[in-house]
Amino acid sequence: MTGAVHGLRGLRADVTIDYAAGGVPTVRASCLSDGWAGLAHAVAADRLFHLDLLRRGAAGRLAELFGASAVAQDIAQRRAGLTAAADRALGELPADQRAVLTAYTGGVNAVIASAPPPLELEVLGLAMEPWRPRDSLLVALLLAQMLSGDGEHHRMRALMARSLSPDVVDFLLCASDPYLVGLDGRPADGRKADPPVRALRALLAEAPGPSGGDRQVVAADDRPWGSNALALAGSHTTDGRALLANDMHLPLGAPTLFHRAGLRWPGGRVDGVTVPGLPVFVTGVSSTLAWGATRLAADVVELVEVGRAHLTTRRERVEVLHGDPVDVEVQDSPWGPVEGPGPDGVLLARHWVGRDPGAVDLGLGALMTAGDVDAGTRAARRSGGPPLNILLADSGGRIAWTVSGRFPVRDGAGPVTPDRAWTAHRRPQELPHVTDPASGRLVSANNGVRELSEVPGLAANHFSARRAARIGELLDAGGTWDEHRLLALQADTDAEFYAFYRDLALGVLTDPVTRADEQRGRLREAVRAWDGTARTDAIGLAVLVAWRELLRESLFAALLSRCTARDEGFVYCWHSHEAPLRAMLGDASLFPPPHRDQRSFLLFELDVCGGLLRHLAPGTGPEALRWGALNPTGIRHPMSRLAPELAALLDPPQEEMPGCPESVCAARPGFGPAVRLAASPGRPAQALLNLPGGQSGDPRSPFYSDQLTAWLTAAPRPLDPPPTGGATTRLVPIPPGEA
């Protein structure tokens with residue numbers, strides 16, 4: 044599609060798309076509307092199948108591509124009802140945003156009409172359906188759904204309150220955090236997790252022994268979806284401009300989630316990344332402003348108790364590749380789909396703010412024309428979409444933090460019934476914001492901060508502030524900062540989080556214990572060798588990561604056995620559980636049955652850990668427990684699981700990956716920084732970007748995974764690569780009435 048001339052209806056004037064090194068497009072247009080059409084053309088030329096995959100994933104139509112393996116996911120999405128929500132949202136958009144979607148849709152469809160089908164659809168013998176404005180809102184809703192949480196903490200809290208004493212519930216669901224920091228990344232005062240020891244001992248004593256099954260009580264958090272973002276005022280930088288860094292932690296796949304591009308129009312320019320299908324620069328930089336986002340642990344889902352009089356039924360048909368269609372009957376209500384009765388027999392409907400009127404729009408697109416952090420703050424607070432922390436930095440050296448999205452106004456606490464379900468959203472002026480802090484720095488890493496708690500019901504169930512605290516430590520090193528230094532900060536692999544578990548392990552792996560058991564000796568050797576990082580060559584971290592997960596599951600499963608007895612589907616999904624976990628491990632009288640004391644419990648779980656790691660890393664020396672060997676990239680194309688014979692073509696090479704969920708460089712197999720940006724407004728030539736792959740979604744392209752190595756090593760790569768004199772695509776208007 045490059046190096047050619049293409050006609051496009053609706054253009055006011057010619058549009059050029061210049062391709063730089065790595066196939067990075069820069070769109071040049073005479074007006075912003077034409078620019079969106081050109082950007083859509085560039086995205087579609089690179090990512091046709093990716094566009095199709097995202098809209099199908101939102102609408103519950105993946106089984107048409109992947110067969111029976113995708114039916115369960117499709118049924119869940121049909122129940123969620125995102126297609127109807129997208130239709131409603133389209134009708135509610137203001138005229139200027141509808142015009143953006145019209146231009147974007149035209150650009151995508153021009154490629155669909157003139158390009159051969161993407162390889163994946165060609166293999167399946169399917170045609171690419173035309174793009175519709177609704178499809179862009181389906182992509183927006185899918186992202187909002189991914190980042191909104193599921194509201195299960197409400198169900199968890201209610202069942203715990205019915206099953207456990209108030210002091211135990213308060214301890215297990217407290218907001219304590221060993222790494223609590225403020226918005227500047229510096230330590231903040233917080234509540235300590237004091238265990239009600241007598242009540243905990245009684246619960247542990249009455250708990251049944253381990254079930255031996257695969258059922259987990261603690262929600263797995265090895266993919267803590269979120270991000271890091273920080274903004275530094277001009278007082279901390281080399282030239283007085285403010286700086287911004289943003290790395291978003293998301294599932295990794297081929298192609299990459301984000302697509303890099305530049306857009307130029309008279310009086311404006313922006314460089315950054317978009318999600319294919321969505322005409323919004325999610326993180327980027329203009330001449331006046333740089334912006335980034337992190338997931339906000341927002342309280343935007345409620346489980347509403349409904350009666351049968353509230354119910355309606357809709358029927359959906361899931362088409363299945365090489366299989367019979369599956370008919371689905373969905374019970375719906377005015378508040379959302381009904382999920383069936385809770386443990387007490389009451390029907391529950393899942394009320395998600397994303398389906399509310401006005402909840403999803405393209406409002407964040409206004410950041411690209413905002414002149415300073417004040418204008419950027421106003422734009423962010425007005426916008427719909429996923430609940431996000433937004434960090435801003437402007438060319439005048441100023442910085443700001445605020446939140447974006449729609450947040451419900453709730454009627455107090457307690458069971459939510461139809462007469463108490465929310466009916467309104469927080470007004471933009473009610474949302475928190477901080478501008479020009481005295482410290483000259485702002486840090487967000489999905490953690491809770493005081494400013495969020497000042498708005499009742501805004502946020503809940505935050506992740507640990509460990510990453511934010513480490514970023515604060517690195518910033519405390521002082522000196523002036525630039526884009527290169529920020530990129531290095533984003534790649535930090537310090538894993539001090541696990542020092543607590545190293546000390547705990549070495550306290551029980553004594554000489555007598557290890558002399559009598561070869562496996563225990565091997566574990567002690569590995570733990571002693573650990574260098575405190577999650578680098579690929581770190582020895583022993585795998586022991587500590589696996590052991591912590593075993594200890595956590597055993598302790599909480601025993602403590603919460605009353606809850607699982609009431610509801611076998613109960614899950615403890617409190618993200619801030621590190622404080623109560625460490626408090627219990629710090630008290631020798633707290634251990635689950637059938638162990639006679641805490642020491643035997645700790646050694647038992649170390650033995651289990653050793654067996655697991657021996658299976659994963661069968662070598663005998665410490666080198667077998669290198670973190671990189673057990674932490675591969677895990678990046679795969681969605682079709683390679685169905686067609687293993689194509690895996691060599693579709694999947695990038697599996698590489699050793701640095702980082703762990705608790706390091707600034709957050710990573711686990713198949714999960715990690717989906718983008719890294721370090722930028723200052725008005726300095727496009729100095730801005731840096733890493734992506735875990737390339738521009739193209741075509742596995743035959745040289746730009747399919749060419750940036751993976753640079754991403755793994757956090758090697759500086761320009762956001763706006765210099766022109767190479769290579770291919771240019773020109774889009775020309777098609778006059779009205781002309782074929």
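For the sequence shown, my numbering gives the first residue as 44, with consecutive numbering after it.
Glycine included, each C-beta is placed from N, C-alpha and C at the ideal position.
Quantities reported herein were computed from a predicted structural model and do not represent experimental measurements.
For L136 and D130, the gap between their C-alpha atoms comes out near 10 Å. For A690, the uninterrupted alpha helix (DSSP H) run begins and ends at A690 to L693, by DSSP. Residue environment analysis places T466 among the exposed positions, since fewer than 16 neighbouring C-beta atoms fall within 10 angstroms of its C-beta. When the five nearest sequence neighbours on each side are left out, the beta carbons in the same chain lying within less than 7 Å of the beta carbon of L530 are those of R719, A721, L731, A757 and P759, in order along the chain.
Q120 carries a helical assignment under DSSP once its states are collapsed to helix, strand and coil.
Residue A236 holds the alpha-carbon nearest to the alpha-carbon of L628 among A236, V212, R609 and A691. Counting only residues of its own chain and dropping the five nearest sequence neighbours on each side, M199 has a CB closer than 6 Å to the CB of C616.
Using a Cβ distance threshold of 7 Å, P712 and G671 do not count as a contacting pair. With a 10 Å radius around the Cβ and a threshold of 16 neighbouring Cβ atoms, A156 comes out exposed. In this structure, DSSP gives F109 a helical state, which the three-state scheme calls helix. In the DSSP assignment, no residue is bridged to H620. In chain order, H353 place their CB closer than 7 Å to the CB of P377, counting only its own chain and leaving out the 5 sequence neighbours on each side.
In the structure shown, A418 falls within a helical segment according to DSSP collapsed to helix, strand and coil. V143 and L321 have their C-alpha atoms roughly 10 Å apart.
With contacts defined as CB atoms closer than 7 Å, S73 and A56 qualify as a contacting pair. P724 places its beta carbon less than 7 Å from that of D437.
In the DSSP assignment, N289 is bridged to A272 and L720. Less than 7 Å divides the Cβ of F634 from the Cβ of Q641. I433 places its beta carbon 7 Å or farther from that of A418. The stretch 84-103 makes contact with the stretch 113-125: 3 or more CB pairs, one atom from each, lie closer than 8 Å. For Q374, the secondary structure class from DSSP, reduced to helix, strand or coil, is strand. For S219, DSSP assigns no beta-bridge partner whatsoever. Residue range R509 to L518 is occupied by the alpha helix (DSSP H) that includes R509. Between A304 and P461, the C-beta gap is not smaller than 7 Å, which leaves the two residues out of contact. Taking the Cα positions, S208 is about 10 Å away from L246. When the alpha-carbon of G283 is set against those of G575, A336 and G440, the nearest one is in G440. By the beta-carbon neighbour count (other beta carbons within 10 angstroms, threshold 16), V452 is exposed.
Selection S619, V492, V570 and A333 evaluated against Q729 yields A333 as nearest (Cα-Cα).
Shown here, I678 sits in coil according to DSSP, grouped into three states, outside any helix or strand.
Counting only residues of its own chain and dropping the five nearest sequence neighbours on each side, E362 has a CB closer than 6 Å to the CB of E107 and P368. For S597, the uninterrupted alpha helix (DSSP H) segment begins and ends at L584 to L602. The Cβ atoms of L485 and L286 do not sit closer than 7 Å to each other. Between the alpha carbons of R469 and G500 lies a gap of roughly 10 Å. Residue state for T466 is assigned as coil, using DSSP reduced to three classes.
For H279, same chain residues with a beta-carbon under 6 Å away, outside a window of 5 residues either side, are G483 and W524 in chain order.
Shown here for D178: same chain residues with a beta carbon closer than 7 Å to its own, the five before and five after excluded, namely R98 and G320 in chain order.
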